[in-house]
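To keep things clear, I will list the structure first and then write my remarks on it.
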Amino acid sequence: MILTLLLVLAATTLYAQKRALETINESDLKAHLEFVAGDLMQGRDFFTDIPGLEITADYLKAQSMKMGLKPGGESYFQSVAMISSVPDQDNSYFELKGEGDSVLYHDNTIFSLGGPSGNDTVHAELVFAGYGWYDDKTKYNDTEGIDIKDKIVVVMTRNPELVKEGKQTDTNVEMRKMQKALMGGAKALVIVPDPKNPDDNFVESIRKYATGGSLSLEGAKSRRTMPIRLVFGNLELANMIVRESGKTMAQLQQEIQESGQPKSFVVESCSAKLQLVKKTSKIEGKNIIAVVEGSDPILKNECVVYTAHYDHLGMQGEGEIFNGADDNGTGTVALLEIAEAFQSLKKKPRRSIVFAWVTAEEKGLIGSDYYSQNPVFPLENTLADINLDMVGRSAEKEPEEGAELEKSLAGPNGLYIVSGKQSSELIELSEKVCGELGLEPSDELSDAFLSRSDYFHFYKNGIPVLGLSTGLHEDYHKVSDELDKIDYTKMKRVAQYAFLVGEKVANQKKRIVVDKPAVE
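Residue 161 in our numbering sits at position 161 of the sequence shown, with consecutive numbering throughout.
In structure tokens form, the structure reads like this:
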């Protein structure tokens, strides 16, 4: 008799899971995503003409209410007070100073990336350092024999190899230059477009981030900043700096290419004053928090948290929209479908389920930081965080082993699961669910991405995390991240995986064991 009851109970549970999984479907995902990632939302960012970020927040609240989810904040909203720091372009400038502090040249077209949140002034001597490059193989070194400590260092984009091959630069190349200048003790690095480069898209793409400013939690300790300023200028400024050589930037670059040798030098005829001014203001963001209350009178005080950021990058200066269909429209709407699946269960899981659509991820994981400090359930009662960020794309086949991060887009069955592996039990459960759904899990992105999405604030607080993604692609953070490239079948499978893992964790008699706690 007992065996019969157990079999009936198991069959009933499986049937309920099957019915819940069926509520996660491609047509609903598509309908939600066409709204969230449509042009009307203007890229779901702060300060756009149409308040697409606010509209998306209202949409998520309305859907939560429609499903009958319980509010986890005041009327589903958790207010996130932030400080905005935006570069003041009109009052920021770069001056070349001559004898007696006379102004030889004044340029207010420069812009900076990162740095202190307040105003900043740098006075220093100048160094022209070619590409600012060091080649491990050939030992080409643009700063060999030159002391750049406490100097403002001016360099061109790209490097000799990229110029020779006619290739464009990328962020990794330019960041290596900053690291080199930082290690050398430079006060600032000024990057200008190299004269042979006909495409200024790189600098313009950086301008989008730089002039958009930064956000921080109100009352938070001042964030640590790099002890070097990263500034972008134009060729006119660069030509004024190198004119004492009797050559233009184009001529110096040509000599470097022909000789294969650096043409760097300390600028003797002038020094520089770099003035960086920022405007600060208070703004309010919103996390949307909804809850499925657990069915066990005791265990309902514990929870599994699902997170996804719903913000993106807004608009480009020319009016182009960063729709962010994959990043992170897919995670945003997948959470809606997962919530519907849980809400469809007649018998809810033993533990509660929290859905947190968090704000300002693109500004530095701010919404999830705030939630981790102000959780609906205490963090000690939070069993796991399952985060969905970019879960809607597929390549024709799985990437080759050791592929670059930018070419890591998973194939039809691939799924990246970023985890600190704090719980062997959770990983085993995850792999079992992947096997049931025919998904092929990979942790290859864990080392590079453990601090780069909202699960980080759970991880650092000792909570096991599963960060779900289908990988990076060439449309990442570009206006080409559009709806027509989404694989809704893949998206559905990832959402179903997320539901099943969370449902199992929430229903276990004993909470999952954290056998490998995160190390500070």
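Ideal Cβ placement from N, Cα and C applies to all residues, glycine included.
The model shown is predicted, which means the values in this text are computed figures rather than measured ones.
Put simply, of Gly367, Lys407, Gly502 the residue whose alpha carbon is nearest the alpha carbon of Glu425 is Gly502. If you draw a 10 Å sphere on the C-beta of Tyr15, you find fewer than 16 other C-beta atoms in it, and that means exposed.
Around Gly414, the same chain offers Glu398, Glu440 as residues with beta carbons nearer than 6 Å, after the five sequence neighbours per side are excluded. Residue pairing for His477: DSSP places it in no beta bridge. Scanning the segment 405-460 from its first residue to its last, the whole beta strand (DSSP E) runs of 3-plus residues come out as 414-418, 440-442. Judged by DSSP secondary structure, Gly467 falls within the beta strand (DSSP E) whose first and last residues are 465-469.
Contact check between the segment 164-182 and the segment 293-308: fewer than three CB pairs, one atom from each, fall below 8 Å, which does not count as touching. Proximity to Ala495 across Asp484, Val433, Asp135 peaks at Val433, based on C-alpha coordinates. Per DSSP, the beta bridge partners of Trp357 are Ile288, Ala308. The alpha-carbon of Gln316 is positioned some 10 Å away from that of Tyr209.
The Cβ-Cβ distance between Thr359 and Lys247 does not fall below 8 Å. Shown here, Met82 sits in a strand according to DSSP, grouped into three states. If the five residues before and after Gly184 are omitted, its C-beta is found closer than 6 Å to the C-beta atoms of Ile148, all from its own chain and listed in chain order.
Nearest to Leu21 by alpha-carbon distance, out of Val267, Asp170, Ala334, is Ala334. Here the alpha carbon of Ser84 sits roughly 45 Å from the alpha carbon of Lys347.
For Leu345, there is no enclosing alpha helix (DSSP H), as DSSP marks it with neither H nor E.
The Cβ neighbour count for Val513, taken over all protein chains shown within 10 Å, is under 16; the residue is labelled exposed.
Nearest to Ser281 by C-alpha distance, out of Lys263, Ala341, Val86, Asn374, is Val86.
By the Cβ criterion, the segment 61-68 is not in contact with the segment 194-214, since fewer than three pairs of Cβ atoms, one from each stretch, lie closer than 8 Å. Proximity of the segment 153-165 to the segment 95-114 falls short of the contact definition, fewer than three beta-carbon pairs being nearer than 8 Å. In this structure the segment 235-242 does not touch the segment 129-146; the number of beta carbon pairs closer than 8 Å is below three. Cβ contact annotation for Arg511 (same chain, cutoff 7 Å, sequence separation greater than five): Glu302, Leu383, in chain order. Segment contact: the segment 72-82 against the segment 28-45, fewer than three CB-CB distances shorter than 8 Å; contact not assigned.
Taking Leu104 as the centre and dropping the five residues before and after it, the same chain places the C-beta of Leu96, Gly98, Cys270 closer than 6 Å to its C-beta, in chain order. Partner residues in a beta bridge of Arg19, as assigned by DSSP, do not exist. Assignment of Met390 by DSSP, reduced to helix, strand and coil, places it in the coil class. When C-beta atoms of the segment 50-57 are compared with those of the segment 21-34, fewer than three pairs fall below 8 Å, so the two segments do not count as touching. In the DSSP assignment, Gln508 falls outside any alpha helix (DSSP H) and carries neither an H nor an E. Looking at the DSSP output, Gln275 bridges to Tyr93, Thr121. Asp385 has Val305, Val465 as its beta-bridge partners, per DSSP. Here Ser408 is buried. Its C-beta has 16 or more other C-beta atoms within 10 Å. Of the other Cβ atoms in all chains shown, fewer than 16 fall within 10 Å of the Cβ of Arg19; this residue is therefore exposed. Contact annotation, Val418 with Leu450: C-beta distance approximately 6 Å; criterion of less than 8 Å satisfied. Residue range 249-259 is occupied by the alpha helix (DSSP H) that includes Ile256. DSSP places Ile191 in the uninterrupted beta strand (DSSP E) bounded by 188-192. The straight-line gap separating the alpha-carbon atoms of Val231 and Leu189 is approximately 6 Å.
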